[in-house]
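Participant: Take the sequence shown: its letters are residues -23 to -1, 1 to 903, numbered as in mature numbering (1 follows the signal peptide of the UniProt record, and there is no 0).
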Amino acid sequence: MMVKFRLSIFLLIFFLSFHQIQSVDHNNFKTCEQSSFCRRLRKTSPAGDSHFELKPNTLNTFKNHVTIELENTENQHLFVLKLEAVKGNVFHIEVDEKTPLKTRYRVVDALKGPLALEAIKVDEKTADKVVISSGGNKVVLYAKPFKADFYNGEKILVTANAKGLMEFEELRTKPEPQQASEDNPDGEAQQDVAQPSIDPGAWEENFKSHHDSKPNGPEALSLDFTFPYADVLFGIPEHADSFILKHTVGGNSDPYRLYNLDVFEYELDSRMALYGAVPVVYGHGSEYTAGVYWQNAAETWVDIFNPNLETNVVSSIVNFVAGSRKTEPPTANFISESGIMDAFILLGPTPIDSFKQFTDLTGVGPLPQMFAIAYHQCRWNYNDEQDVAQVHAKFDEHDIPMDTMWLDIEYTDAKKYFTWDSHKFPHPLEMIANLTAKGRHLTIIIDPHIKRDGGYFFHNDCTDRGYYTKNKDGNDYEGWCWPGAASYPDLFNPEVRKYFADQYLVENFKESTVDLGLWNDMNEPSVFNGPEVTMLKDNLHFGGWEHRDIHNLYGHMHIMSSFDGLTRRAAGKLRPFILTRSHFAGSQRFAAVWTGDNTADWGHLRASIKMCLSLSVAGISFCGADVGGFFGNPDAELFSRWYQTAAFQPFFRSHAHIDTKRREPWLFPEDTKQVIRNAIRKRYSYLPFWYTLFYEHERSGHPIMRPLLAHYPTDKEAFTLDNEYLLGDELLVRPVLDEKANKVDVYFPAKADKDYDFWYDIDDYRRIEKHGYETITVDANKIPVYQRGGTIVPKKERIRRASTLMHSDPFTLIVCLNKLNRAKGTLYIDDELGYEYRNGKYLYLDFEFKDDVLSVHKIDESASYPTKTWLERVVIAGLAKQPKSATLHLSSGKSSPLEVYKDGNTFVVRKPGISMLEKWSIKLNY
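1. Of the residues H426, V504 and G212, which one's Cα is nearest the Cα of S593?
2. Counting only the same chain and skipping the five closest in sequence on each side, list residues whose C-beta sits under 8 Å from that of P343.
3. Going by beta-carbon coordinates alone, are T557 and I536 separated by less than 8 Å?
4. Helix or strand or just coil, what does DSSP make of H528?
5. Helix, strand or coil for D376, going by three-state DSSP, please let me know.
6. Are at least three pairs of beta-carbons, each pair with one atom in the segment 78 to 86 and one in the segment 27 to 35, less than 8 Å apart?
7. Taking the alpha helix (DSSP H) that Q651 falls in, what are its first and last residues?
8. Taking all protein chains shown into account, do 16 or more other C-beta atoms lie within 10 angstroms of the C-beta of Y750, making it buried, or fewer, making it exposed?
9. Helix, strand or coil: which one does DSSP assign to Y733?
10. Given this structure, state the Cα-to-Cα distance separating G766 from A800, to the nearest angstrom.
11. Kindly confirm or deny that the segment 395 to 402 and the segment 476 to 488 touch, where touching means at least three C-beta pairs closer than 8 Å.
12. Report back the beta-carbon spacing between D722 and K587 to the nearest angstrom; my notes put them in contact at under 8 Å.
13. Do the segment 731 to 739 and the segment 677 to 684 make contact, defined as three or more Cβ pairs closer than 8 Å?
14. Tell me the rounded alpha-carbon separation between V290 and K223.
15. What is the DSSP secondary structure of N129, counted as helix, strand or coil?
16. Three-state secondary structure (DSSP) at P471?
17. Enumerate, from N- to C-terminal direction, the unbroken beta strand (DSSP E) stretches of 3 or more residues contained entirely within the segment 71 to 103.
18. Given a threshold of 16 other Cβ atoms within 10 Å of its Cβ, counted over all protein chains shown, does A729 qualify as buried or as exposed?
19. Helix, strand or coil for I635 per DSSP?
20. With 16 other CB atoms within 10 Å as the buried threshold, where does V209 fall?
21. Measure the CB-CB distance between L251 and T277 and report whether it falls below 8 Å.
22. Which residue wins for smallest C-alpha separation from Q272, given the options N437, H528, S503 and A613?
23. Scan the segment 775 to 809 and note each continuous beta strand (DSSP E) run of 3 residues or more that stays entirely inside, going in chain order.
24. Is the segment 857 to 877 touching the segment 737 to 744 in the sense that three or more CB pairs, one from each, lie closer than 8 Å?
25. At which residues does the beta strand (DSSP E) containing S841 begin and terminate?
26. Taking 8 Å as the cut-off, does the segment 795 to 809 touch the segment 366 to 373 (at least 3 CB pairs, one atom from each stretch)?
27. Using a 10 Å radius around the Cβ and a threshold of 16 neighbouring Cβ atoms, would you call A854 buried or exposed?
28. State the start and end residues of the unbroken alpha helix (DSSP H) segment that holds R618.
29. Going by C-alpha to C-alpha distance, which of Y821, E10, Y763 and A779 sits closest to G416?
30. Would DSSP call K759 helix, strand or coil?
31. Mapping the DSSP letters down to three states, classify M893 as helix, strand or coil.
32. Any contact between the segment 308 to 320 and the segment 537 to 546? By contact I mean 3 or more CB pairs, one from each, below 8 Å.
33. Is the separation between the beta-carbon of T420 and that of T381 shorter than 8 Å?
34. Report yes or no: do three or more beta-carbon pairs, one from the segment 743 to 761 and one from the segment 628 to 644, lie closer than 8 Å?
35. Could you please give me the residues that DSSP links to Y259 through a beta bridge?
36. May I have the straight-line CA-CA distance separating H436 from K428, to the nearest angstrom?
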């Protein structure tokens, strides 16, 4: 008993000290130089001609693909290249060993489904090259040295192996130590021609106290991709760095690292690995945009060659914007520890085209329930049922909307998931019902580490059925996490995933409900006593795969299980809400993502925009950051500015560490509380706009939160801006991101023909009629947000305690006119809960203002939803003169007069009072 007590005290001290470190301990995380495969394969300058050669005489042609052999001329090892064309201007290239000693890992479950392939044909084959085409695109494969040019039309948008950095370490047997002899007195193993490396970590490697046995030896690979028409590269989240990727080559600089890790209070302006890894990169220039999705789930480093944007060289930015460019176009070199070469070439040619090509491959985020895009209140932890009740009552008392309360790990019985602490939360169903009665929801946390406790059903089941991840010796792997000793379900086993999913069913988790939200955290996986705070690479998973092969997919498999469980829990009738920390390509199909354990400082507020922009262009549109910062205690100004920023980001949640001061809005001074209240209420007024954006994301694959270059691709000033962004193409958001700011510089981008859009300040509808920077005065309440001229944005202006109570409330349409006195916009309406919209039960409306007439029609005529909503107001900005009145015309032929009045810089059509089910038009009369 005394031994158990001492162990518990030790673990408690360890956990508390672990989670209270005030900065990143770099000693816990590898640099490229400390990683054997990165050290081996990284080249800081092009090595000259590649030692890989194509063998054109081995070409085999099929309907949708070709295969051809590659040879490593250093050791004559053979590889097979497979090339196929995918619908929508995409090529897929795979390279694997021709006869490997064992099968190499190929990523599963990242793509949304089977590829939509298109026919390809061989246009030319010589000893020097092979030319393959599909539609208007083609690939030229050069033989000596190997290189691949990918064309869109007549333009080369991507070149593979232009720098000759391709490497592919074939699987081989470990050389046996030789006996001592006269020529080899120490008995050292000799370097064979077939052994490309004598790096001391090639066959086994140590990091701190951890040993990696590497049973397959060196098996790394790399390939560089050059973007001839690009000026900048962006993508490869997740990093707390600028949106535009920096030059990484030379000096002591590390590449960007993709290796899912638990890094709390992470550093800014850093290429260190964080919680997620989405290996897609885009190259953008004034004429073309293209991308590469490197489908590999092993640890990956990405070197960026872009001397036009060298780190810490201010003059390079000036030269770039001025149009000066060095000779070399930018290149991304992907270096992965294991697996195969598996790359999709996204040929754009526009930014939006490239983003859609990626989501066509990996999927879109499904339309969430309305409550999920409203405001969430969380901390580690709300103490008990009384605490939960008091907090959501206080939101009503202070007239602040809130849709979801969250519970962190302390709600459980001793960190055992799918249980409740019977002392703190003795009546969970009643607690949930009390929230539901107010139109609100509850979300709880469930992590993948399972407490090793003989009295815990989940642990016993996993042990008895062999469901845990194994160590290299085939025994259940054990590590430390929040429960103390823990093991980790092998979620690559479909049977294990189903078992995990089954636990969410109400008949199993009896103290839960069908609409309970879910938070999947710590799923990198986080292992407190593991190497780099994660799992050993030589652990074993289903199918015999090592953890090194699949590491970046573990969290993805976790949320797949959760999504399955929540879907079946409600018999497929409710859309699940899941938030995840770890993620990979395709994770958007199952969960929202937040940016992890940030800090209460202005730098982390600014980083929330950069990180969410990078995630958005990588398919993950449902993104946000902990409002106020997870660690630390924000002062009133930072806290209120963070609310204002987050109110215009897709996922909106306040969250805080257990050691921080309580920070519910009413605990701040009255003026701060009012600023926060106003920001949240503004979010709620725009919920119809947000909901429409989410629907259109599912429909089109376009990101919700967009960099300016997405719609202003020729404006070089906009390329590197990551302190402002677009929501759809309707709103431009430039939050206040600096302490004690009384003004901000807002950049209004230019079009391709040097033309510019009108922009309207959403607070007073003052019109900005220029492009370039404009200095905007800001007070405590000001959020600089602008609606683009030529758009119509739907709102609801009757703000209630929760979004669920606004379902049948009337709409306001904000019409902002362009230079031609026209505007267009859309509105999406459904039940805000389930999947009936996929059966045609919805309204998708198109509004147009032209020739002084506002009209509506259905985009999908066959769809219908019996909404009770109606049109309450039309606000028109940009009219040259005041209308005397307006006339409402119905499809039935009836008409009626409407009042129009001036309100500041707008004219308001008062109470049309028409159902959103009707077909109508409103004509302005002069």
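Glycine residues also receive a C-beta, built at the ideal position from the N, C-alpha and C atoms.
Facilitator: The relevant details are as follows:
1. G212
2. R552, R566 and E675
3. yes
4. helix
5. coil
6. no
7. E647 to S662
8. exposed
9. strand
10. 7 Å
11. yes
12. Not a contact, Cβ separation roughly 17 Å.
13. no
14. Because the pLDDT of V290 is 37, which lies under 50, any placement of that residue in the model is unreliable, and the number read from its coordinates should be weighed accordingly. Spanning the two alpha carbons is a distance of roughly 11 Å.
15. strand
16. helix
17. 98 to 102
18. exposed
19. coil
20. buried
21. no
22. H528
23. 788 to 793 and 800 to 806
24. no
25. Careful: S841 lies outside any beta strand (DSSP E) and carries neither H nor E.
26. no
27. buried
28. A613 to A623
29. A779
30. coil
31. coil
32. no
33. yes
34. no
35. F211 and G268
36. 7 Å
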